[in-house]
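Here's the structure we're looking at; comments come further down.
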Amino acid sequence: MSLVHLFITVERDREVNQLKEWVTTMMMSITKEEDTAAELELKARVFHFGEYRGDQQDKLLQSLNRKVLDVYRHCVSTQQEANLGTVQMLTVIEHQLDELLENLERVPQVKIEQVERAKEKERRIRLREEKLQMQKILQEERLQRARARAQAEIKKNRGRTLVRRSKPPAHKIKQESEHMLMDKEKEELLFFFT
0 MSLVHLFITV ERDREVNQLK EWVTTMMMSI TKEEDTAAEL ELKARVFHFG
50 EYRGDQQDKL LQSLNRKVLD VYRHCVSTQQ EANLGTVQML TVIEHQLDEL
100 LENLERVPQV KIEQVERAKE KERRIRLREE KLQMQKILQE ERLQRARARA
150 QAEIKKNRGR TLVRRSKPPA HKIKQESEHM LMDKEKEELL FFFT
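All residue numbers for the sequence shown refer to numbering that gives the first Met the number 0, where the first residue is 0 and numbers rise by one.
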């Protein structure tokens, strides 16, 4: 009797699992169709207002869908992302965010401050390590330049350094005009002979 009962129970469980899988498949199909309907409704609304540019709008929607999918994978990361539409993914992300905010409110303030201090300390350590790494790189570059200078041929200057010859100042020759000479002679004649 118990063997028959066990067999019936196993058979029922198998049927229940099949029905659950069928329900899951139908729900995914429904969400996919709802997403398609929402996209068509959006396109119809935009087209109705006369602003529809098919290629641009489709590219914009695809870009938006890729970005939402990327955020969805980072936040939720379940296997259903291929079956969900953009709106459904946004809804799941929103519910996840609400849950996280509610959990954050329940956490004691002291614990939050400890975590923030730990994150800040970790950030400072990371910045310090990056700074040390940059200093190490700069020091290595300086060493390479110093090695290159040390291995370069030494150019010795022999003798005095050549300097251009200075140009002596030009002598100004006074040229007195004949008129001035005649006036001087007249003055001298008048002075000496009068």
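Each residue gets a CB set at the ideal place from its N, CA and C atoms; glycine is no exception.
Nearest to residue i (by Cα), restricted to the options the options
i	options	result
M26	Q87, L126, L99 and Q95	Q87
E33	I136, S165, V109 and T85	T85
V67	L89, Q113 and E104	L89
H73	V114, E40, M179 and Q95	Q95
CB of residue i within 8 Å of CB of residue j, strictly
i	j	result
L83	T30	yes
Presumed contact (8 Å Cβ cut-off) between residue i and residue j, rounded CB distance
i	j	result
V91	V70	That belief does not hold up - the Cβ atoms of V91 and V70 are roughly 10 Å apart, past 8 Å.
V45	Q56	6 Å
### Query
What residue ranges within the segment 82 to 116 form continuous beta strand (DSSP E) runs of no fewer than 3 residues, ordered along the chain?
For the segment 82 to 116, there is no continuous beta strand (DSSP E) assignment of 3+ residues that stays within its boundaries.
>> Extract the residue ranges of the beta strand (DSSP E) inside the segment 128 to 190, only unbroken runs of 3 or more that lie entirely within it.
In response: Restricted to the segment 128 to 190, not a single beta strand (DSSP E) segment is unbroken, complete and at least 3 residues in length.
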